[in-house]
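There are 2 protein chains.
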Amino acid sequence: MEFIINQTMLEKATSSKALFYQEREAFSGVNKIAKKVMHDLELVFGHAPVVTTEKDKLNSHVILYGTVGHSPILDELDKKNLIDLKEIEGKREVFLFQVIDQPIEGTEKALVIAGSDKRGTIYGLFHLSEKLGVSPFVDWNGVRPKQKESFYLKSDFKYVSKEPSVKHRGFFINDEWPAFGNWTHERFGGFNADMYDHVFELVLRLKGNYFWPAMWSARFNDDGPGLANAELADEYGVIMGASHHEPCLRYGEEYKYLRGPDSEYGDAWNFITNREGITKFWEDGLKRTGHFENVVTIGMRGEADTKIMGEDATLKDNIELLRDVIQTQNKLIKENINPDLSEVPRMLALYKEVEPFFYGDKNTEGLINSEELEDVILMFCDDNHGNLRTLPTEEMRDHSGGYGMYYHFDYHGGPISYEWINSSYLPKIWEQMTMAYDFGVRDLWIVNVGDIYTQEYPLSFFMDLAYDFDKWGTDAVNKTDLYTEQWIEQQFAGVFDEEAKQNVYDLLTGYTKIAHNRRPEHMNVDVYHPVNYQETDQLIAQIDHLLDVADELYEMVDEEDLAAFFSLVYYPTVGNLNLQKMWLLNGKNKYAASLNLMEANQLAEQVKTCLKRDQEIVDEYHTIADGKFYGMGLSEHIGFVNWNEDENKNPVLSHVLPVNKPRLAVSIDGTEQTSEGSPWHLNTLYLTDFLAPDIDQGSFTISSISEKDADYEISTDNAWITCSKLTGTLNGQDQASATIQVTIDRDKLDGETEGEIVVKTPVGQVTIVVLVAEIDESAYPEMTFVQTHPKGYISIEAEHFADHQEITNEHGSMNRFEVLDGYGKTLSAIKAFPTTSHFTVEKDAPYVEYQFVVPEAGSYQLELYRQPSNPVTREGKIFCGLQTNDNYVKVINALPDGYQVDDADWAQGVLNNIHKTETTIDCKEGLNKLRIYAVSPGFVLEKLVIYQEENKPADSYLGPTETYYVGR
Amino acid sequence: MEFIINQTMLEKATSSKALFYQEREAFSGVNKIAKKVMHDLELVFGHAPVVTTEKDKLNSHVILYGTVGHSPILDELDKKNLIDLKEIEGKREVFLFQVIDQPIEGTEKALVIAGSDKRGTIYGLFHLSEKLGVSPFVDWNGVRPKQKESFYLKSDFKYVSKEPSVKHRGFFINDEWPAFGNWTHERFGGFNADMYDHVFELVLRLKGNYFWPAMWSARFNDDGPGLANAELADEYGVIMGASHHEPCLRYGEEYKYLRGPDSEYGDAWNFITNREGITKFWEDGLKRTGHFENVVTIGMRGEADTKIMGEDATLKDNIELLRDVIQTQNKLIKENINPDLSEVPRMLALYKEVEPFFYGDKNTEGLINSEELEDVILMFCDDNHGNLRTLPTEEMRDHSGGYGMYYHFDYHGGPISYEWINSSYLPKIWEQMTMAYDFGVRDLWIVNVGDIYTQEYPLSFFMDLAYDFDKWGTDAVNKTDLYTEQWIEQQFAGVFDEEAKQNVYDLLTGYTKIAHNRRPEHMNVDVYHPVNYQETDQLIAQIDHLLDVADELYEMVDEEDLAAFFSLVYYPTVGNLNLQKMWLLNGKNKYAASLNLMEANQLAEQVKTCLKRDQEIVDEYHTIADGKFYGMGLSEHIGFVNWNEDENKNPVLSHVLPVNKPRLAVSIDGTEQTSEGSPWHLNTLYLTDFLAPDIDQGSFTISSISEKDADYEISTDNAWITCSKLTGTLNGQDQASATIQVTIDRDKLDGETEGEIVVKTPVGQVTIVVLVAEIDESAYPEMTFVQTHPKGYISIEAEHFADHQEITNEHGSMNRFEVLDGYGKTLSAIKAFPTTSHFTVEKDAPYVEYQFVVPEAGSYQLELYRQPSNPVTREGKIFCGLQTNDNYVKVINALPDGYQVDDADWAQGVLNNIHKTETTIDCKEGLNKLRIYAVSPGFVLEKLVIYQEENKPADSYLGPTETYYVGR
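Chains as they are written, first to last, in my numbering: chain W, 1 to 968; chain G, 969 to 1936.
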């Protein structure tokens, strides 16, 4: 017989027929969580379960939960051999989830949830919720689970969870103004325990165990009120941490609050001039909450996230000061928390200027390998924009304290902040965080989530990856899609049918991919090219489609599910896409205005509509669900001109004034070619789309320059050319432009490679030369890219290699390139595995080989479009090998010499989310082979562009359209 | 008793009491002109004079006119010794204008107007009109003379005119579409004799004798109809010429019209392949009108003003072809006009590519000094933008044919055409054309006047200068103002009182000076800097003042005088200024929008108003005086993006969208410094105006960035600083900005050199550091410029030299610099005289010496702002000498190496109407002297700017504001 929970059972339950058995020996936090799980059951079944502390008041099917060493009933069951606690005992955060028979007299079946420790039990309890289809965001976002009649577990169901992959897993509420700050003041009256109750619940439901609180204005250990926040964390088993610049359990604002001429802590955040005051400050911090579970930050930075010593201090000065600080802190910890330092989790962040202090340089030994750092978790950081910086080298990996990673989904800093809305993309998080794990960063993962809200989707992935790396980690190549599907199921199983869930999938993957190409806060009028390769038009079309899909879903959702849908999907999607669209339209508006095209004014109106929509959607977010999210949309997000939001600007609209004569401009779509047909100026344009042998349709657009009726007439003498329209009149108002589709019939070409379309305009005529290429497919191998015009280029998506080589390595795995789906601006990326390997060319380096045909021998520019990864070593280089044809392999550094995180190159890279490596290669006339060898970790290739210097492809943000290849 | 004409006399005149005596022996053209003069008398006195051919039907006071050799009455008076014809006989275009007693029985007094030749008599007749106060534009513009009761000449009045200074003086109707072409078709039905009657009258009233007709669509010798145009010219004594590419009395369109496969002239404008046809074409042209007075163009260019041979022809090929052409043409002229070629005025234009053919090069002898060119007028040209190119060298000056100059008030060509409206400035015409004359260009002056209309003012000056160089030429330094006053008197004596005439003076000199700084067609949004040095605001203020003055005058003018006032003054003034203002406002609009200032939108509306006004004023021009000027405003004039008007663009308006928070920007007027007061970004601004010891007032402006009420609060702790306002609120709408005047009281400084104004804004505060400098005037000599701040600069108006040296030359005149008033963008210019001299430094070169104080010794940048004069020699260099303190004199070429007319440097120069020479000088700390020596002709200096490279003054169009000098 199965273990059953069903509506009837719950409905009919009385206080003497309880489903849950509660022990007073249990951790109070565990019992609190059990209550939350009971509420989950109520949501699922419509009736709240009854709980009892008396064994004789139990239902026939009961739920028993407890923690090893804190539960008589578990001991009893263990004794009866109904369960085997040895399966979990001594393990970290593990639970047993088992159905047993007749556990207690008068009962038939029990579901036993036994935790190896407090968090193990809590995860076990939430595991039940999860199995019932309850989302971790049930409370945070008001996600309603799908109602169930009943729930079964097989009579022999048993599940023992694994120890989590990463020891400390959590997130950081940061940059909490204006959004989080306003929100919590409005809803809870401050950064207090009422609010943190919800946050801790979220941490635990996400199987996290670690948390950094808001700290720019708040004082976690004062705001509870008093210690209530810290006590609540301890009760729930949430391990408290603090950011990299908040040592000894003291939060950032505290010193500012306590300092003063008469303060026992002195009046200077300076370990040299105020050693005594600062030491006392730290000591009192440790005394205050050192008895709770913490990861104690050690080290010291300047106030408010700045450097500790002046610019004129030497490296040695800095290192010695820091050593002194850490020695002092270690001593205080020994005295106040535990004489055995190895028992106290401590963390030193290798962040910004601390990094050189850690490593030292040729002349000055750094803190690395210092005894002061024994057992200390060394926390590495990304570059604040989601790209890891240095990682532990092989020699470093056995450091006793292990390693941590501070990652960002939100950042307040240069080159431009992003704090408004989620713009993180799962494939990137996967690619970066799996590499961190591979490099041995397994003791602490913390992610800056800003205000939490809108980050739910990537945050879930980050936490699940940290919890179960086996499932989602390095071996799960290209599984973020699957993850997304499951996540959608978790949130919307009861809301949407399969088709609608697929639409939600399209929205989440769509908007995050678009934000991955450019974060919304980093958008401006000049990012995408307004016409080249139609990258703007294509993106607008994609956005418009997604916005339609979002609106359809919105219409579909019940009032009760709207908060969840709106906050988890609709708001981040529409907010993001509408903003991107606004800038794209603004780019078109600016461009059209530069040509005096009347459509510029219509585009300006559309930009205005987007700006209005932006405000509307924030307003709706603020009012929906009785203001549940009020304040959470307050971050500035338009037109950053500085690293922060100060002095940000709205789009400038360009308006044109009609000229006094009927005039028209003819433009080749996807290019900057334009002409009015004046006999004195450029009046021959080129339509080159058909140079790709599989393209039979192209277009040009005729646009009004005045509001006077202006006629055009289109003709061609080539029978193989068809234009969608042959005459027309534009008026600059309701008829401001006409796009003419040009179709060719290759069967009628009869050897011709050039045709002509003549467009008569009011001032003359424009000749459009139509270029066509055909190739003999049999002449080249499959996957050969063919440049069909002397002035063309070769553009290759990295995954379109013709050949590749994998080599078995000493660990028995394969040195290989993997295609990372979706992980490129226009298609995908390739990355070499194992991710930690430094390969040697012509020994163990895997390669990919591209084939392409160019019409002329000579030196060609090669552009490698790479993910803006940083080097994993402090050498500051990412090497790869290039080999054309039978030439020797040239190993190049894909980064500019002297590349550093925070320099201008880096800044361009994180804004564009691409780093271009430019080099030259020698090509033969005709077929060429180009091999690319993996050498350094961090080489992630998206696209290759090859061209003769004089034929540089037109500017664009995404790069030139891919060239035709045999077999496309 | 005086010679009298009065109203009563004319009113009472009967057919037997005629004022004018007309002889049938007189030239018919002279009698026609006499009729026009009689009409002038009617305008002046209100009654038409009577004319008779019978001596006994004359009034007691009579007017007798005739030409030597064509007038019995003159012979009779000469015989009676009442006049002495020897005074004029054999002279060129000279007239005697004399009052005599009892010339004919029954008469008492006669005014005798005797011409040495046909034009002499005509000029004499028009001299009477002139004396009566009739404008040369009486017919062309409908200028009404002031009505008179009577006119007296003393009984012994006698005036014998001089021979005109320049032999052939005239103008060229060119680029006649769309304006002139539409006008003449509408009013006269074509380019026919009805129209040319008015044009020839204008030529002669302006004391011209020479004319080039419209030729881009018209055929002068066919359109009369038939030969009527040519016959009319001959009758009036107007010598016909043709442009540089229309040889042998054939006009440009003729060959196109006559050519064809069956044409006797062949079907190729090619002297190599169609020698026979072309020769016949020329021969028939000479036969057709060779018997009239002409200057026959010789030589050959390609069709429609292009090169004659392909790009691959050698210089020698070209020279020999051209020699062959000229030999052929000379032969044809001998055969068909006069066997004595020296009797036939001929002209070869050294225009564009013909210039190298004339001079040849080191290896190839040019046409210079060829016998084929004996007695041929060699016509030089300006660079199409009013700057002469090469001029005859001293050795060349005795060329038998003499020299001509083709000058432009209108141009259809690169870098940008200017055809709409007058933009020529009298001081420039004076400076350039006097130099031409000085260099021996005295045989032919022709000016391209486009459609004539709106060029009346500079055209008058050009013609008067050519006619009477003694009066207006080289010796008349700074007399263009006087000329303008007289010209205004000539046009408006009867219309305006003295004050109003002064206003007209302000308009004419004002708008032409502004157009001299930048022609209207060459304006765009990026010319003037929108804020630096307040050059835009100051110019807008000046323009607004002039526009007000224009409108006041407009209100003052009678309906009958409106056509004259509108066409001569109002239209060119307002058209020009309104257009300049439009672009200036557009620049401010664009700049304000870039800062999201709400005032941008108000500026956009103002730009629109200007564009509307532009159309209105053209429309009024087209309808005023029953359409007298219809068509004359049709030329495009806004937003050129090519050399011609094709594809021109209207201003693009920038609109901002208010941000959602109250925000304000504080900007220091005249600088790009701006801040919102954010603590994270630039929030300290500098008010540096008071670094000039004579400036006690400066300002800053606070501007709205949103439409929300935003407060500001201004405070200062310095007693010597006063702000005009201390608090306020802006709303981005009717209160979008506030300018705060800052006044300092130097008496209260008490040694302070720095103060502070704090402006509290909604997001923080802006600190304005107020810098003040005082200098001890007694420490330096008068006219010493003082840089009072280490980061400052020295800017000097060229006329503000402290000392200068003049040297007596071998001709007994002075080698000297003269100040040319008004001939600079911001003040004046200096130029060395004699204009033809090449001076030698430290021998005969005059210099000017500037004094200035810099705070630091070192290398300084020196920028010389020069008129964009071209070198007068083919070496392509303009030298000057520079000497700082006691250093040696450095002779530098003020032009870039390899400078050529038509290159990019030149193009920048003609558009900006300035050429900047940049060099370095070494300065001492403290007082420095800089001498500038004249070396080459053509060195015309406006301004000097001196600065250390790192302190480069902010960008501007007019250059940095002049630095304070002792005694200012």
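Every residue gets a Cβ at the ideal spot worked out from N, C-alpha and C, and that includes glycine.
What you are looking at is a predicted structure, and each value in this text was computed from that prediction instead of being measured.
Would you call residue i buried or exposed, if buried means 16 or more other Cβ atoms sit within 10 Å of its Cβ?
i: G/Arg-1137; result: buried
i: W/Met-1; result: exposed
i: G/Asn-1853; result: exposed
i: G/Glu-1362; result: exposed
i: W/Asn-363; result: exposed
Using DSSP with H/G/I as helix, E/B as strand and the rest coil, what is residue i?
i: W/Arg-219; result: coil
i: G/Met-977; result: helix
i: W/Met-433; result: helix
i: W/Thr-753; result: coil
i: W/His-61; result: strand
i: G/Tyr-1933; result: strand
i: W/Thr-512; result: helix
So is residue i in contact with chain W if we call contact Cβ pairs under 8 Å?
i: G/Cys-1360; result: According to the sequence as given, residue 1360 of chain G is Pro; it is not Cys. No, G/Pro-1360 does not count as interfacial toward chain W.
i: G/Lys-1576; result: yes
i: G/Asn-1618; result: yes
i: G/Asp-1614; result: yes
i: G/Trp-1648; result: yes
i: G/Leu-1579; result: yes
Per DSSP, residue i is paired with what?
i: G/Thr-1885; result: G/Leu-1832
i: W/Thr-808; result: W/Met-814
i: W/Val-666; result: W/Ser-675 and W/Ile-702
i: G/Ile-1900; result: G/Val-1816 and G/Leu-1850
Kindly indicate if chain G contains any beta-carbon less than 8 Å away from that of residue i.
i: W/Val-848; result: no
i: W/Asp-902; result: no
i: W/Asn-642; result: yes
i: W/Val-557; result: no
i: W/His-655; result: yes
i: W/Val-766; result: no
i: W/Ala-907; result: no
i: W/Ala-593; result: yes
i: W/Asn-363; result: no
Report, in whole angstroms, the separation of the C-beta atoms of residue i and residue j, which I expect to be a contact under 8 Å.
i: G/Val-1067; j: G/Val-1012; result: Going by Cβ atoms, the distance from G/Val-1067 to G/Val-1012 rounds to 18 Å, so no, they are not a contact pair.
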